[in-house]
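*Asks:*
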Amino acid sequence: MTELVFALAVGILTASGVWLLLRPRTFQVIIGLSLLSYAVNLFIFGMGRLRVGAAPVLENTEAVDPALYADPLPQALVLTAIVISFAMTALFLVVLLASRGLTGTDHVDGREDPQ
435 MTELVFALAV GILTASGVWL LLRPRTFQVI IGLSLLSYAV NLFIFGMGRL RVGAAPVLEN
495 TEAVDPALYA DPLPQALVLT AIVISFAMTA LFLVVLLASR GLTGTDHVDG REDPQ
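Below, the structure written as structure tokens:
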């Protein structure tokens with residue numbers, strides 16, 4: 435059941451991110467990129483086996499069953515990706531504000547919709 439909810443969350447985040455990427459306004463594109471990065475982070479985290487209550491590291495050096503432990507590598511990769519995506523989003527927002535100040539619009543192509 436946990437895997438189903440997890441897969442649905444990744445699917446919904448991916449679909450929402452793609453939908454927002456196809457929107458004409460720059461802010462919506464930035465939010466879409468953020469949602470896609472969250473979906474990829476959850477996917478990578480899920481590849482490290484979803485184990486509830488399992489230790490991420492081995493406690494002793496004896497021969498143990500690795501299925502009893504969580505894989506710490508995806509957790510470290512996701513933590514690094516979160517920091518990078520936060521910095522990327524902040525940079526995009528600064529570029530968005532500068533572009534809007536110069537052009538007067540926040541449309542991706544620089545033009546307003548014809549009405």
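Count along the sequence shown from 1, then add 434; that gives the number in my numbering.
Ideal Cβ positions, reconstructed from N, Cα and C, are used throughout, including at glycine.
Buried or exposed for Leu447, please, with buried defined as at least 16 other CB atoms from any protein chain shown within 10 angstroms of its CB.
*Replies:* Here residue 447 refers to the residue found at position 13 of the sequence shown. Buried, because 16 or more other Cβ atoms sit within 10 Å of the Cβ of Leu447.
*Asks:* Check this for me: beta carbons of Ala515 and Val474, under 9 Å apart or not?
*Replies:* Numbered from 1 along the sequence shown, position 81 holds the residue referred to as residue 515. Numbered from 1 along the sequence shown, position 40 holds the residue referred to as residue 474. Result yes, Cβ atoms of Ala515 and Val474 sit closer than 9 Å.
*Asks:* Would you mind working out which of Ile465, Tyr472 and Gly466 sits nearest Phe440, comparing C-alpha positions?
*Replies:* To locate residue 440, count along the sequence shown from 1; it is residue 6. Closest option to Phe440, Cα to Cα, is Tyr472.
*Asks:* With DSSP as the reference, please indicate the residues paired to Arg534 in a beta bridge.
*Replies:* The residue you call residue 534 lines up with position 100 of the sequence shown. Answer is none; Arg534 lacks a bridge partner.
*Asks:* Hey, out of Thr436, Leu476 and Gly445, whose CA is closest to Ala510's CA?
*Replies:* In the sequence shown, the residue the question calls residue 510 occupies position 76. Of the listed residues, the one whose Cα sits closest to Ala510 is Leu476.
*Asks:* Whole angstroms are fine: how far does the CA of Met435 sit from the CA of Asp499?
*Replies:* For the purposes of this step, residue 499 is identified with residue 65 of the sequence shown, where counting begins at 1. For the purposes of this step, residue 435 is identified with residue 1 of the sequence shown, where counting begins at 1. The alpha-carbon atoms of Asp499 and Met435 are separated by roughly 24 Å.
*Asks:* Leaving out five residues on either side along the sequence, give the residues of the same chain with a beta carbon under 7 Å from the beta carbon of Gln462.
*Replies:* By 1-based counting over the sequence shown, the position of residue 462 is 28. Contacts found: Leu454.
*Asks:* Which residues share a DSSP beta bridge with Arg459?
*Replies:* The residue you call residue 459 lines up with position 25 of the sequence shown. In the DSSP assignment, Arg459 forms a beta bridge with His541.
*Asks:* For Leu530 versus Ile464, is the C-beta distance shorter than 9 Å?
*Replies:* The residue given as residue 530 occupies position 96 in the sequence shown. The residue given as residue 464 occupies position 30 in the sequence shown. Contact: yes.
*Asks:* Round the Cβ separation of Asp505 and Gly480 to the nearest angstrom and send it over; I've been treating them as touching at under 8 Å.
*Replies:* Within the sequence shown, the letter at position 71 stands for residue 505. Within the sequence shown, the letter at position 46 stands for residue 480. Not really, about 11 Å apart at Cβ, beyond 8 Å.
*Asks:* Pick helix, strand or coil for Thr495, following the three-state DSSP scheme.
*Replies:* Within the sequence shown, the letter at position 61 stands for residue 495. Annotated three-state conformation of Thr495 is coil, per DSSP.
*Asks:* Determine the contact status of Gly451 and Gly466, defining contact as a CB-CB distance below 9 Å.
*Replies:* Taking the first residue of the sequence shown as 1, we reach residue 451 at position 17. Taking the first residue of the sequence shown as 1, we reach residue 466 at position 32. A contact, by the Cβ cut-off of 9 Å.
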